[in-house]
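Residue numbers (this note's numbering), protein chains in the order written: chain A, 18 to 283; chain B, 18 to 283; chain C, 18 to 283.
Remarks on the structure that follows.
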Amino acid sequence: MKSASFADLLFTVRTKRPLVHHITNRVTVNDCANVTLCIGAAPVMAEALEEVGEMVAMADALVLNIGTLDRQQVDAMLAAGRGANECGVPVILDPVGAGATRMRTDAARTLLDRLEISVLKGNAGEIGVLAGVGGKVRGVDSLGAVGDAPSMAREFAEKSGITVVVSGATDIVTDGTRVLLVDNGHEMMGRLSGTGCMAASLIAAFAAVSSDYVVSSAAALVAFGIAGERAAARAQGPYSFRTALFDELAALGPDDIIRGARVRQA
Amino acid sequence: MKSASFADLLFTVRTKRPLVHHITNRVTVNDCANVTLCIGAAPVMAEALEEVGEMVAMADALVLNIGTLDRQQVDAMLAAGRGANECGVPVILDPVGAGATRMRTDAARTLLDRLEISVLKGNAGEIGVLAGVGGKVRGVDSLGAVGDAPSMAREFAEKSGITVVVSGATDIVTDGTRVLLVDNGHEMMGRLSGTGCMAASLIAAFAAVSSDYVVSSAAALVAFGIAGERAAARAQGPYSFRTALFDELAALGPDDIIRGARVRQA
Amino acid sequence: MKSASFADLLFTVRTKRPLVHHITNRVTVNDCANVTLCIGAAPVMAEALEEVGEMVAMADALVLNIGTLDRQQVDAMLAAGRGANECGVPVILDPVGAGATRMRTDAARTLLDRLEISVLKGNAGEIGVLAGVGGKVRGVDSLGAVGDAPSMAREFAEKSGITVVVSGATDIVTDGTRVLLVDNGHEMMGRLSGTGCMAASLIAAFAAVSSDYVVSSAAALVAFGIAGERAAARAQGPYSFRTALFDELAALGPDDIIRGARVRQA
């Protein structure tokens with residue numbers, strides 16, 4: 018039953034071609050643009066304070082990724098986020114490296130405090146830090162959260178009113194009531210830079226076509242995960258995997274989702 | 018007859034290895050560097066106000082791309098452009114997203130007003146906006162120009178004294194007198210981020226070796242288009258297409274140009 | 018005997034997964050992140066003045082690359098470098114384009130003067146300029162050094178107390194006493210943007226696990242060179258070469274190093 022709704026959402030993304038405005042990091046910005054195109058949406062990157070308001074007003078979703086933060090970028094994120102909130106455009110926050118430095122933790126908290134975030138997506142360490150329950154982050158890698166990740170995520174989502182996604186071998190998606198576990202994906206995805214950022218772009222593309230962010234986020238992760246599984250089956254290493262990952266994502270149809278989705282309720 | 022001159026220009030690019038100075042966007046900067054290398058030219062990216070004058074003085078062409086603009090970058094573009102104009106270095110302007118936000122439209126107009134631009138290359142929406150005849154741009158995608166694109170481009174080129182390139186399924190190249198239509202290319206190119214930016218880099222590499230910017234721009238688009246056609250023939254999706262596109266471009270010889278060029282006069 | 022120590026170092030990198038903090042250029046930042054992952058280390062990119070001190074304190078090596086310099090970045094490099102020096106974290110400097118503009122030459126000299134650099138890696142032109150013996154740089158390409166490169170490098174290393182790496186068809190690695198010549202590699206590496214930057218990331222990953230920077234730098238260049246040789250054997254052009262290069266690097270084992278290393282003493 019769920020698989021069919023995931024498949025429908027993929028069909029809708031490909032039909033509506035939502036515009037996904039990114040304020041994102043320099044390392045993976047090209048990956049984010051291309052993954053957005055592969056899923057059938059349209060990417061735009063803009064972060065000048067002078068234009069973010071105008072740009073987000075024509076967008077269907079906004080991604081904020083703090084992976085290579087500077088102070089100007091935080092201001093642009095706040096301005097774009099306020100614009101998105103006014104226009105009813107969903108905002109996806111990827112708090113890359115929160116917990117590694119005070120600046121990143123503070124920036125993520127500021128964005129969470131001042132904006133209505135639709136989906137917060139991070140690894141267990143990042144989410145643990147932001148939930149205030151602890152978590153360790155080294156560079157941009159999670160060294161794990163304290164305690165049970167699904168419970169931690171559910172409680173944080175409940176308290177904050179935000180849909181929380183914790184990426185990992187099994188991804189957790191929760192709005193505080195429902196908790197979905199997505200088993201799709203492959204460990205090769207962790208050997209490539211930017212797969213976390215790409216996941217955020219896909220979550221945004223799906224959030225643009227459905228306001229049920231638990232289902233839309235799970236759909237995005239299912240699509241990405243199935244593409245990863247197929248790519249891994251024919252890759253010889255991280256870069257042929259990358260090529261295959263984008264090709265598979267672009268080729269993915271609703272039927273593949275129905276057949277391949279592996280989602281459980283916690 | 019034209020095909021032979023296109024082929025000669027490719028030979029000249031590969032022989033002279035012109036240095037192409039880019040002030041370009043963060044999304045596709047790596048693609049631009051690599052496409053420049055593949056065609057046989059040398060890329061350099063530099064945008065600090067303190068060094069752009071020196072860098073452009075040793076360059077053979079300058080690309081200005083406003084795809085991820087900020088205010089500092091406009092100043093650097095003006096300084097580099099003035100340096101290029103003084104040294105007789107051709108300047109290629111790619112007004113990415115002009116029409117989408119006032120900042121981008123204004124920046125493109127400022128650059129057009131204050132600099133001698135050799136080639137202005139954009140999609141139909143961007144060029145329509147800058148020509149003052151209207152045009153719609155959503156993010157960085159054209160939603161089409163108002164009216165007949167070749168006529169619009171020709172008139173704008175005539176009025177401005179700039180060679181105008183309108184990218185699309187058929188590319189238009191005009192200096193206000195001649196109007197060339199380039200049919201080379203493949204729709205896969207539109208499914209990949211950065212192909213527009215790459216085209217600007219190639220146009221710059223060819224402008225560096227010929228001051229007949231109509232012929233040199235058409236030559237660049239022919240080369241890119243033929244590489245795209247060949248790549249599409251063996252690609253399984255957008256990323257294997259990307260790999261093949263760069264490989265084919267690097268492998269392209271003058272003979273391939275002579276055999277493959279599809280250029281008409283309007 | 019040397020090959021075995023190179024192989025041991027690769028094993029150690031893969032076992033310890035050192036964190037490599039980069040302040041690097043926009044063109045090749047994604048390549049640097051992925052090459053770091055492929056060799057078995059963990060990349061992090063951070064350059065806000067507010068966070069570089071904290072980030073470098075948890076890192077195992079620091080890469081400073083001036084390829085797309087601005088003034089703020091120099092300040093961040095100085096702050097990160099001072100932090101690295103205090104914590105005993107090795108600092109690798111890649112003076113991209115030094116000699117091409119005064120800004121780059123001055124920035125490289127400032128970093129060399131004010132920081133303890135562990136390894137300085139550049140092409141013959143860049144190193145020649147910084148050694149004060151002359152050298153020509155056009156954009157980011159060396160037009161060659163003045164005189165005999167190994168002697169020049171050895172003397173500069175001796176005077177400065179820095180391990181100097183001069184990249185080229187044969188790479189030179191010297192601390193002023195020992196001079197190693199690394200013959201591994203393939204000319205295809207020069208046809209791809211970013212291989213110089215990637216080499217710096219690898220040198221950093223190896224410097225993180227050994228303070229004998231002559232041996233660790235040679236080990237990094239051997240690993241990269243062997244991967245390049247293998248990739249070239251099955252590539253059809255620069256981009257299939259790129260895919261193969263990253264795949265081969267990720268697949269490389271200590272045995273491949275023992276069998277493939279081609280290192281001489283000068």
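We treat Cβ as the ideally placed atom computed from N, Cα and C, and that holds for glycine.
In this text the structure is predicted, and so the values were computed from the model without any measurement.
Boundaries (first-last residue) of the beta strand (DSSP E) holding Asp188(A): As a working note, residue 188(A) is residue 171 in the first sequence. Asp188 to Thr191 is the extent of the beta strand (DSSP E) around Asp188(A).
8 Å Cβ cutoff, Met18(C) in contact with chain A: Locating residue 18(C) in the third sequence gives position 1, where the first residue counts as 1. For Met18(C), the predicted model reports a pLDDT of 48, less than 50, meaning its position is unreliable; a value from the coordinates is still stated below. Judged by the 8 Å Cβ criterion, Met18(C) is not in contact with chain A.
Chain B residues whose Cβ lies nearer than 9 Å to that of Met94(A): Taking the first residue of the first sequence as 1, we reach residue 94(A) at position 77. The contacting residues do not exist; Met94(A) stays about 14 Å from chain B at best.
Beta carbon of Val106(A) nearer than 8 Å to that of Ala59(A): Taking the first sequence and counting its residues from 1, one reaches residue 106(A) at position 89. Taking the first sequence and counting its residues from 1, one reaches residue 59(A) at position 42. The answer is no: Cβ separation not under 8 Å.
Spatial neighbours of Val239(B) in its chain, beta-carbon cut-off 7 Å, leaving aside the 5 residues before and after: Indexing the second sequence from 1 puts residue 239(B) at position 222. Here the set comprises Phe23, Val199, Asn201, Ile274, Ala278 and Val280.
Candidates Arg171(A), Met72(A) and Leu197(A): closest to Cys104(A) by CA position: Against the first sequence, residue 104(A) aligns to sequence position 87. Nearest option by C-alpha distance: Met72(A).
One or two residues paired with Ala115(C) in a DSSP bridge: Locating residue 115(C) in the third sequence gives position 98, counting from the first residue. Answer is Thr118(C).
Within chain C, partners of Phe263(B) - CB distance below 7 Å: Mapped onto the second sequence, residue 263(B) falls at position 246. What Phe263(B) touches in chain C: Gly254, Pro255 and Tyr256.
Cβ of Pro35(C) within 8 Å of any chain A Cβ: Within the third sequence, the letter at position 18 stands for residue 35(C). No, because no Cβ of chain A sits closer than 8 Å to the Cβ of Pro35(C).
Min CB distance Ala117(C) to chain B below 8 Å: Taking the third sequence and counting its residues from 1, one reaches residue 117(C) at position 100. Yes - at least one Cβ of chain B is within 8 Å of the one on Ala117(C).
DSSP state of Gly70(A) mapped onto helix, strand, coil: Position 53 of the first sequence, counted from the first residue, corresponds to residue 70(A). Gly70(A) falls in the helix class under three-state DSSP.
Cβ contact check for the region 257-277 of chain C and the region 240-249 of chain C: 3 or more pairs under 8 Å: yes
Three-state class that DSSP yields for Asp180(C) in the structure shown: Along the third sequence, read from residue 1 onward, the residue named residue 180(C) stands at position 163. Strictly speaking, residue 180(C) in this sequence is Thr, with Asp absent from that position. Reduced to three states, the DSSP call for Thr180(C) is strand.
Bridge partners - Asp158(C), DSSP secondary structure assignment: As a position in the third sequence, residue 158(C) is number 141, starting the count at 1. Bridge partners of Asp158(C): Arg155(C).
Near-chain A residues of the region 71-96 of chain B (beta-carbon distance less than 8 Å), N- to C-terminal order: Gly84, Thr85, Leu86, Asp87 and Arg88
Any chain C beta carbon closer than 8 Å to Leu54(B): Along the second sequence, read from residue 1 onward, the residue named residue 54(B) stands at position 37. It does: the Cβ of Leu54(B) has a partner Cβ on chain C nearer than 8 Å.
Within-8 Å CB hit, Thr29(A) to chain B: Position 12 of the first sequence, counted from the start, is the residue given in the question as residue 29(A). Chain B contact via Cβ: absent.
Neighbour flag for Met206(A) against chain B, beta carbons, 8 Å: Reading the first sequence from its first residue, position 189 is the one you call residue 206(A). So, not an interface residue.
Spatial distance of Glu67(C) from Ser135(A) (CA atoms): Taking the first residue of the third sequence as position 1, residue 67(C) is located at position 50. Taking the first residue of the first sequence as position 1, residue 135(A) is located at position 118. Going by the C-alpha atoms only, they are around 28 Å apart.
Arg99(B) at chain E interface by Cβ criterion, 8 Å: The displayed structure is made up of protein chains A, B and C, and chain E is not among them.
DSSP three-state assignment for Pro35(C), whether helix, strand or coil: Numbered from its first residue, the third sequence carries residue 35(C) at position 18. Pro35(C) falls in the coil class under three-state DSSP.
According to DSSP, residues forming a beta bridge with Leu110(A): Within the first sequence, numbered from 1, the residue matching residue 110(A) stands at position 93. Leu81(A) and Leu137(A), per the DSSP bridge assignment.
Validate contact between the region 32-40 of chain B and the region 207-214 of chain A using beta carbons, cut 8 Å, 3 pairs: no
CA-to-CA distance, Val232(B) to Ala21(B), given in whole angstroms: Position 4 of the second sequence, counted from the start, is the residue given in the question as residue 21(B). Position 215 of the second sequence, counted from the start, is the residue given in the question as residue 232(B). One C-alpha to the other measures close to 11 Å.
CB of Phe263(A) within 8 Å of CB of Leu26(A), strictly: For the purposes of this step, residue 263(A) is taken as the residue at position 246 of the first sequence. For the purposes of this step, residue 26(A) is taken as the residue at position 9 of the first sequence. No, the Cβ-Cβ distance between Phe263(A) and Leu26(A) is not below 8 Å.
Neighbour flag for Arg276(C) against chain A, beta carbons, 8 Å: The count along the third sequence starts at 1 and reaches residue 276(C) at position 259. With 8 Å as the cut-off, Arg276(C) does not count as an interface residue toward chain A.
Residue range of the beta strand (DSSP E) that includes Leu197(B): By 1-based counting over the second sequence, the position of residue 197(B) is 180. Note, Leu197(B): beta strand (DSSP E), Val196 to Val199.
Closest residue to Gln89(A) among Glu143(A), Val182(A) and Val69(A) (Cα-Cα distance): The residue labelled residue 89(A) in the question sits at position 72 within the first sequence. Nearest option by C-alpha distance: Val69(A).
Of the listed residues Gly149(C), Gly178(C) and Gly156(C), nearest to Gly164(C) (C-alpha basis): Start at 1 with the first residue of the third sequence, and residue 164(C) comes out as number 147. Cα-wise, what sits closest to Gly164(C) is Gly149(C).
Any chain B beta carbon closer than 8 Å to Asp272(C): Numbered from its first residue, the third sequence carries residue 272(C) at position 255. Asp272(C) does not count as touching chain B.
Beta-carbon spacing of Thr191(A), Arg171(A) below 8 Å: Position 174 of the first sequence, counted from the first residue, corresponds to residue 191(A). Position 154 of the first sequence, counted from the first residue, corresponds to residue 171(A). It is a contact, given that the beta carbons lie within the stated cut-off.
Proximal residues of chain C, C-beta to C-beta of Met120(A) below 7 Å: Here residue 120(A) refers to the residue found at position 103 of the first sequence. Ordered by position in chain C, the residues that pass the 7 Å Cβ test against Met120(A) are Ala65, Glu67 and Glu68.
Own chain residues within Cβ distance below 7 Å of Thr187(C), not counting five before or after: Numbered from its first residue, the third sequence carries residue 187(C) at position 170. Cβ within range, chain order: Leu198, Val199 and Asp200.
Member of Leu86(A), Arg121(A), Ile109(A) and Met205(A) whose CA lies at the smallest distance from the CA of Val181(A): Taking the first residue of the first sequence as position 1, residue 181(A) is located at position 164. Minimum Cα distance to Val181(A) is reached at Ile109(A).
Beta-carbon proximity of Val146(C) to Asp111(C), cut-off 8 Å: Against the third sequence, residue 146(C) aligns to sequence position 129. Against the third sequence, residue 111(C) aligns to sequence position 94. Not in contact: Val146(C) and Asp111(C) (Cβ atoms no closer than 8 Å).
Status (buried if at least 16 other CB within 10 Å, exposed otherwise) for Gly178(A): By 1-based counting over the first sequence, the position of residue 178(A) is 161. Per the 10 Å Cβ criterion, exposed.
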